[in-house]
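*Asks:* If you number the sequence shown the way the numbering used here does, the last residue is 1135 and the count never jumps.
Just so it is clear, CB atoms sit at the ideal spot from N, CA and C, and this is done for glycine as well.
Encoded as structure tokens, here's the structure I'll be asking about.
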Amino acid sequence: MSDSIQAKYQKYMKEDGIHFVPVWRIIGFSGANMAVNLYMGLTMIMSFYLNGYVGMAVVLASSFSTITRLWDGVTDPIVGFFVDKFKESEKIGKTRLCLIMGGLLLFINSFLMFNVTDRLPEGGFRPLFFIFFTAIYYIGYTFLNISNHVGNVCLTNDPKQRPILSIVGTVLVRIMRAVMQMVVAGLAVKYGSMRSAELFHEYWLIVALIATVGIVIAYISITPKDVPFFSEATPKKKEKVKFSDYIDVLKNNRPLQMMIVARATDQFSNTCKTSAILLVLYGIVAGNYELSGGWTLYTTIVGLVMMALGIGAIGSKLGLKKAMQVGSWGVVIFDTIAILIWLFMDPKTLSLPGYVNGYGEAFSGFTMFTIALFLVTVIGGGFQMITSSIVPPMIADVNDYEASRTGKYIPGMVGTVFSFMDKLISSFGPTFVGVGFAMIGFKDAFPDLDTPYSFNLLIMAIIFYYGFELVGAAFNIIAMKFYELTPEKMKEVEYKIYEMRKENA
């Protein structure tokens, strides 16, 4: 690599191969993660559209989510291999390629899925149309998701900055998720049902516009770092990327194996928290679905403060591994308490300013149920945010470990091995939910706003909202016992990469 190129990027360099980036670029690049989550939010309520307009019964609609997630997993290694084979240059790097491809495919195909399908004649063509464009939609989702894995690697490898990736990204995503839950709840009340086509038309427009803005800002933010100088371990001697590298990575990268175990069990629990489960918990058990939006916003803001303190204090000082362990223990403890609160207190007394409770009574003060659930939710939610938001910088560390082990920077392949295994395991969450509803009598339609309360529905909501999350946290604790990338180990990794670059410059 020429001296002129090294001099060009020297402003981003520290000693021993550590490179950094201005914080505003970290904030801007988190727009890509926000966009991924917004488009994922569309699929989280997709079962109501499938049930109402594509003509699928409850179990089939839930199974469709499983099938599409499996398809999403299958496309991961293919797209990842293509991305790592891509010959990037100063003009266009791998991250920007993924942002462009992902943004375009998601925008176009989500429009066709949720704005055109319900206007087609009823019959066999509707599901064929929807399935075809859903398949392409998930290819776009894969591209956009990979942009985060690739971008996090070249954006910074500074151990003081990588936790910031999580703090900024999680704050933005969680606030946006809370706001969008308020939007969904408001639209459901506005149109009278979660199966309203107008609800999906309006929700799609909001999602697509915000996600596009996020992608554009992410593109601008990553541009100066999305170049070969920050994404290759051996600039002069470029190692050939082969499809067989997938097997080697999965077989010999122990930190990646442990991350797969931790993430897949977490994501399985997250995919069980479908919009139908949320509707049961707040719309039927608590008695007012509109509360879900306000409740999510209130608890998210306080939980984010905890998460930021957790990652900032633990992640920066003691390392990402320790942050994952502390977060997982917190989830186990507080999810257990939350289950007891829902079982032995009165959920219909849940009350917030500006909302009526489950008995139709206006807010007159915070009840014991509200105070107890709020404390447990914000503290437990803070711990849960630590476990989920710490994953991106941990995967960036795993990518660096792989580069030091083999001399190949293959973030596309490492990221997609991770996401493929994650999706393979977690994809069955929606099917489990559908089977669970069918077992208690909801075979043809999901519970809706007018469904009466039953104890079976309460147990269903508790199992899928809290139970599986608790089990996933237990798996995290076990996996971290075998995860070797401590702060001391990462110093060795980064120095080794630095020496490799100097030898092959």
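Does the distance from the C-beta atom of residue 1127 to that of residue 1030 stay below 8 Å?
*Replies:* Position 497 of the sequence shown, counting from 1, holds the residue named residue 1127. Position 400 of the sequence shown, counting from 1, holds the residue named residue 1030. Contact flag set, yes.
*Asks:* Please state whether DSSP places residue 889 in a helix, a strand or coil.
*Replies:* Here residue 889 corresponds to residue number 259 of the sequence shown, with the count starting at 1. Residue 889 falls in the helix class under three-state DSSP.
*Asks:* Along the chain, where does the alpha helix (DSSP H) that runs through residue 1102 open and close?
*Replies:* Mapped onto the sequence shown, residue 1102 falls at position 472. Its alpha helix (DSSP H) spans residues 1098-1110.
*Asks:* Less than 8 Å between C-beta atoms, sequence neighbours within five positions excluded: which residues of the same chain meet that for residue 740?
*Replies:* For the purposes of this step, residue 740 is taken as residue 110 along the sequence shown, with counting starting at 1. Counting only Cβ-Cβ distances below 8 Å, and skipping sequence neighbours, we find 669, 672, 767, 834, 837, 838.
*Asks:* When you compare only the Cα positions, how much space is there between residue 658 and residue 807?
*Replies:* Indexing the sequence shown from 1 puts residue 658 at position 28. Indexing the sequence shown from 1 puts residue 807 at position 177. For residue 658 and residue 807, the distance between alpha carbons rounds to 18 Å.
*Asks:* Is it buried or exposed for residue 974, if we count other Cβ within 10 angstroms and need 16 for buried?
*Replies:* In the sequence shown, counting from the first residue as 1, residue 974 sits at position 344. Classification of residue 974: exposed, given that the 10 Å Cβ count is below 16.
*Asks:* Mind checking who residue 643 pairs with in its DSSP beta bridge?
*Replies:* Within the sequence shown, numbered from 1, the residue matching residue 643 stands at position 13. According to DSSP, which records beta bridges pairwise, residue 643 is partnered with 649.
*Asks:* Name, in chain order, the residues that DSSP records as bridge partners for residue 992.
*Replies:* Locating residue 992 in the sequence shown gives position 362, counting from the first residue. Answer is 986, bridged to residue 992.
*Asks:* Taking Cβ positions, are residue 880 and residue 965 nearer each other than 8 Å?
*Replies:* Here residue 880 refers to the residue found at position 250 when the sequence shown is read from its first residue. Here residue 965 refers to the residue found at position 335 when the sequence shown is read from its first residue. The answer is no: Cβ separation not under 8 Å.
*Asks:* For residue 857, which option in 1090, 916, 699, 780 has the closest C-alpha, if you only look at C-alpha atoms?
*Replies:* Walking along the sequence shown from the start, residue 857 turns up at place 227. The option with the nearest alpha carbon to residue 857 is 780.
*Asks:* Does the beta-carbon distance from residue 904 to residue 677 come in below 8 Å?
*Replies:* Taking the sequence shown and counting its residues from 1, the one referred to as residue 904 is at position 274. Taking the sequence shown and counting its residues from 1, the one referred to as residue 677 is at position 47. Their beta carbons are under 8 Å apart, which means residue 904 touches residue 677 by this criterion.
*Asks:* Roughly how many angstroms lie between the CA atoms of residue 802 and residue 664, to the nearest whole one?
*Replies:* Mapped onto the sequence shown, residue 802 falls at position 172. Mapped onto the sequence shown, residue 664 falls at position 34. Each residue's Cα considered, the two are about 7 Å apart.
*Asks:* Does the beta-carbon of residue 1001 have 16 or more other beta-carbons within 10 angstroms, so that it is buried, or is it exposed?
*Replies:* Numbered from 1 along the sequence shown, position 371 holds the residue referred to as residue 1001. Counting Cβ neighbours within 10 Å, residue 1001 comes out exposed, since fewer than 16 surround it.
*Asks:* With distances taken Cα to Cα, identify the nearest neighbour of residue 1120 among 723, 638, 790.
*Replies:* Stepping through the sequence shown from its first residue, residue 1120 is reached at position 490. If we check each option's Cα against that of residue 1120, 790 comes out closest.
*Asks:* Is there a Cβ from chain D that is less than 8 Å from the Cβ of residue 889?
*Replies:* Chain labels in this structure do not include chain D; a single protein chain is all it has.
*Asks:* State buried or exposed for residue 749, treating a residue as buried only when at least 16 other CB atoms are found within 10 Å of its CB.
*Replies:* Along the sequence shown, one-based indexing puts residue 749 at 119. Exposed, by the Cβ-count rule.
*Asks:* Using the beta-carbon count (16 or more within 10 Å), is residue 654 buried or exposed?
*Replies:* Walking along the sequence shown from the start, residue 654 turns up at place 24. Classification for residue 654: exposed.
*Asks:* Quick one: measure Cβ to Cβ for residue 916 and residue 988, integer angstroms, because I've assumed they're closer than 8 Å.
*Replies:* Residue numbering aside, residue 916 sits at position 286 when the sequence shown is read from its first letter. Residue numbering aside, residue 988 sits at position 358 when the sequence shown is read from its first letter. Rounded, the Cβ-Cβ distance is 5 Å, consistent with contact.
*Asks:* When we look at the beta-carbon of residue 746 and count the other beta-carbons within 10 Å, is it buried (16 or more) or exposed?
*Replies:* Within the sequence shown, the letter at position 116 stands for residue 746. Residue 746 is exposed by the Cβ-count criterion.
*Asks:* For residue 983, which residues from the same chain have a beta carbon less than 7 Å from its beta carbon, with the 5 sequence-adjacent residues on both sides left out?
*Replies:* Against the sequence shown, residue 983 aligns to sequence position 353. Taken in chain order, the residues that qualify are 993.
*Asks:* Excluding the 5 residues flanking residue 714 on each side, which residues of the same chain have their C-beta closer than 7 Å to its C-beta?
*Replies:* Translated into positions along the sequence shown, residue 714 becomes position 84. For residue 714, where only same-chain residues beyond five positions count, the Cβ hits under 7 Å are 871, 1040, 1042, 1043.
*Asks:* What is the rounded straight-line gap between the Cα of residue 631 and the Cα of residue 638?
*Replies:* Start at 1 with the first residue of the sequence shown, and residue 631 comes out as number 1. Start at 1 with the first residue of the sequence shown, and residue 638 comes out as number 8. Below a pLDDT of 50, predicted positions are generally treated as unreliable, and residue 631, at 47, falls in that range; the measurement from the model is reported next regardless. Computed Cα separation, rounded: 12 Å.
*Asks:* Only counting the same chain, and skipping five residues up and downstream in sequence, which positions put a Cβ closer than 6 Å to that of residue 1032?
*Replies:* One-based indexing of the sequence shown puts residue 1032 at position 402. So the list reads 883, 1044, once near-sequence residues are dropped.
*Asks:* Thinking residue 1114 and residue 854 are a contact (beta carbons under 8 Å), I'd like their distance in whole angstroms, please.
*Replies:* Looking up residue 1114 in the sequence shown gives position 484. Looking up residue 854 in the sequence shown gives position 224. Not a contact, Cβ separation roughly 32 Å.
*Asks:* Just how far apart, CA to CA, sit residue 1112 and residue 728?
*Replies:* By 1-based counting over the sequence shown, the position of residue 1112 is 482. By 1-based counting over the sequence shown, the position of residue 728 is 98. Answer to the nearest angstrom: the Cα atoms are 32 Å apart.
*Asks:* Assuming contact is defined by CB atoms lying nearer than 8 Å, are residue 892 and residue 1051 in contact in what I supplied?
*Replies:* As a first step, residue 892 is located in the sequence shown; it is residue number 262 there, counting from the start. As a first step, residue 1051 is located in the sequence shown; it is residue number 421 there, counting from the start. Not in contact: residue 892 and residue 1051 (Cβ atoms no closer than 8 Å).
*Asks:* Of the choices 932, 1049, 986, whose alpha-carbon is the least far from that of residue 1008?
*Replies:* Locating residue 1008 in the sequence shown gives position 378, where the first residue counts as 1. Of the listed residues, the one whose Cα sits closest to residue 1008 is 932.
*Asks:* For residue 753, count neighbouring C-beta atoms within 10 Å of its own C-beta (all shown protein chains included) and say buried if the count is 16 or more, exposed if not.
*Replies:* Position 123 of the sequence shown, counting from 1, holds the residue named residue 753. Label assigned to residue 753: exposed.
*Asks:* Since residue 775 and residue 666 should fall inside the 8 Å C-beta cutoff, what is the C-beta to C-beta distance between them, to a whole number of angstroms?
*Replies:* As a first step, residue 775 must be located in the sequence shown, where it is residue number 145. As a first step, residue 666 must be located in the sequence shown, where it is residue number 36. Their Cβ separation, rounded to whole angstroms, is 5 Å, which keeps residue 775 and residue 666 in contact under 8 Å.
*Asks:* Please report the straight-line C-alpha distance between residue 1092 and residue 798, rounded to a whole angstrom.
*Replies:* For the purposes of this step, residue 1092 is identified with residue 462 of the sequence shown, where counting begins at 1. For the purposes of this step, residue 798 is identified with residue 168 of the sequence shown, where counting begins at 1. Cα to Cα, residue 1092 sits roughly 30 Å from residue 798.
*Asks:* Just verifying my parser: in three-state terms, what is the DSSP assignment at residue 1124?
*Replies:* Taking the first residue of the sequence shown as position 1, residue 1124 is located at position 494. Residue state, collapsed to three classes: helix.
*Asks:* In the DSSP assignment, the alpha helix (DSSP H) including residue 1032 goes from what residue to what residue?
*Replies:* Taking the sequence shown and counting its residues from 1, one reaches residue 1032 at position 402. Note, residue 1032: alpha helix (DSSP H), 1021-1036.
*Asks:* Check the C-beta distance from residue 919 over to residue 928 and give it rounded, since I have them as a contact under 8 Å.
*Replies:* Mapped onto the sequence shown, residue 919 falls at position 289. Mapped onto the sequence shown, residue 928 falls at position 298. Incorrect: roughly 16 Å between the Cβ atoms, too far for contact.
*Asks:* Whole angstroms is fine: what's the gap from residue 700's alpha carbon to residue 1075's?
*Replies:* Taking the sequence shown and counting its residues from 1, the one referred to as residue 700 is at position 70. Taking the sequence shown and counting its residues from 1, the one referred to as residue 1075 is at position 445. Residue 700 and residue 1075: Cα-Cα distance of roughly 24 Å.
*Asks:* Please report the distance separating the alpha-carbon of residue 812 from that of residue 733.
*Replies:* By 1-based counting over the sequence shown, the position of residue 812 is 182. By 1-based counting over the sequence shown, the position of residue 733 is 103. Their Cα atoms are separated by approximately 24 Å.
*Asks:* Assuming contact is defined by CB atoms lying nearer than 8 Å, are residue 1060 and residue 901 in contact in what I supplied?
*Replies:* Taking the sequence shown and counting its residues from 1, one reaches residue 1060 at position 430. Taking the sequence shown and counting its residues from 1, one reaches residue 901 at position 271. Their beta carbons are under 8 Å apart, which means residue 1060 touches residue 901 by this criterion.
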